[in-house]
Structures are given as structure tokens and as C-alpha cells.
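Asks: Just remember that this note's numbering sits 2 ahead of the position in the sequence shown, which is counted from 1. Yeah, the Cβ is synthetic: ideal placement off N, Cα and C, and Gly gets one too. Just so we're clear, the structure is a prediction, and the values are computed from it rather than from any experiment. Take this structure, written in C-alpha cells, and hold onto it; I'll ask about it next.
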Amino acid sequence: MILLTPSSDFFQYANKLLLNDDAMGLQVKEFVRKNAANALSVANMVMGMASILSSLNGHHHAACWLVLIGYLLDLADGAVARQLDACSALGAKLDDFADFTTFGIATSLLLRTSDLLDNVLCMCYVLSVFVRLCFFSSGIPFVYRGLPCIYSSAILASASLLSEGNMAMLRVTAVAMILFMISQNFYPHDKVLESETWKKVVYAGGRVTHRKKCVAHQLFNLIS
């Protein structure tokens, strides 16, 4: 009996350690499950702030790409929250802050020039994003009144890249996006990207842009 007591105590202690490790592992998994979507929202906000700094420093091309990266992170944020059943009030507020940073302020700065009317258009775009984030929830999960600001910003950033910063095209696109955002029509969230038509349009746009740049480069080489 004297020899068994230390052994028994050792096994009890080891069993407690294993149970504590299991409990700790479950707590870590639960923490990751609850905060994975929030981490993506924070990453989206970081992309927005980086885009703002890029615009202010004259790096227009980089600012557009950072907005598009934020767009992909926002899509992933919603998908992860639904998949892990981790929707929460904190997550919704964090997502709204991130959306306003990236798809409101950062995107509006893509329109900024020294012209007064362009600056007014910037402010109108920011206000449109603010209004729809505050008031345009339909009450139906993942369905919204008006075009979601994430899509309008992605379209505007893509138009800027494809047109190489053509302000006339950007002004027209921005006005159209503002009207779509404040419209009363219903748009299903995340359905656009899942459609085959959208994928074909993106692919065709990329091919046209690539071909255009190749032709321009060849002409430049011939002239020079």
C-alpha cells in the first residue's frame, strides 16, 4: 500500500493535467470560432486605412488594389461568420466600422482631385455609404435595400484600374453607384460573386485589360 500511494497520486495528477489541457484546447477552439470573422473585419479595416494613406501619398494604383483586397476580406468575413455560426452584435458593429473605413472613406478618396466638384462628389459618396450602413437594412438576413457599398466600391476601384484613373469614367461610375446605393430595390448579398455570369465578366475584363496593355506596350516599342 505504501508503494501504491505515490503511484496513485501521480496518475491522479497526470489525469488532472490532461483534463486541464483538454479544457484549455476547447476554450482556444471556441475563442477562434467566435473571433475568426472579427479578425477578418479588422484586416478589412487595416486595408482601408492603408488605402487611405496610399491615396493621400499619391499611390492611386495601390489604393485601388487595397480596396479590392478589403472587398475580398469582407466577403470572407460574412461567409466565415455564417459557416461557424459566430454572428454577434460586436461582430456586426466591427463589420460596419470596417465597411465605412474601406468602402466609404478609402473608396471616396479614389475620386479626390484638386477640383471642387470632385471633392463634393467624394463627400456625397461617403454620405451615401454612411446612410445605407445606418438605415438601409431590410430586416431579412443577408438581403439589403440598395446596392451594398461593398459591391459599389469594388466596381469603382475596378473601373479606376481598368481605365487607368480616367476621371470622366470614375465620375459617371460614382454617380451611378450612389444612385444604386440609395435605391429601394432589394439586392441579395453574396449572390453576385457566386454567379457564373459575374465570373465570366471578371475573366473577360481581365483578358481585355491584359491585351490592351500588351498592344500598347508593342506600339510603344515600335515607335521608340
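(1) Hey, how far is the Cα of L129 from the Cα of G106?
(2) I need the straight-line Cα distance from F137 to L164, nearest angstrom please.
(3) Just verifying my parser: in three-state terms, what is the DSSP assignment at G93?
(4) Would C151 be called buried (16 or more neighbouring beta carbons within 10 Å of its own) or exposed?
(5) D117 by DSSP, collapsed to three states: which one?
(6) Three-state secondary structure (DSSP) at D101?
(7) Would you mind sorting V174 into buried or exposed? The rule is 16 or more other CB atoms within 10 Å of its CB.
(8) Assess contact between the segment 60 to 80 and the segment 117 to 125, defined as three or more Cβ pairs (one per stretch) separated by less than 8 Å. Is contact present?
(9) From what residue to what residue does the alpha helix (DSSP H) around H61 run?
(10) Name the residue from R84, S53, L86, H61 whose alpha carbon lies nearest to the alpha carbon of Y73.
(11) Provide the residue span of the alpha helix (DSSP H) that contains I157, from first to last.
(12) Could you give the residue range of the alpha helix (DSSP H) that holds A170?
Replies: Quick answer:
(1) 8 Å
(2) 32 Å
(3) G93 falls in the helix class under three-state DSSP.
(4) buried
(5) coil
(6) helix
(7) By the neighbour-count criterion, in which 16 or more other beta carbons inside 10 Å mark a residue as buried, V174 falls on the exposed side.
(8) The segment 60 to 80 vs the segment 117 to 125: no contact.
(9) Per DSSP, H61 belongs to no alpha helix (DSSP H) and is neither H nor E.
(10) Checking every option, the nearest Cα to that of Y73 belongs to S53.
(11) 151 to 164
(12) That run of the alpha helix (DSSP H) goes 169 to 183.
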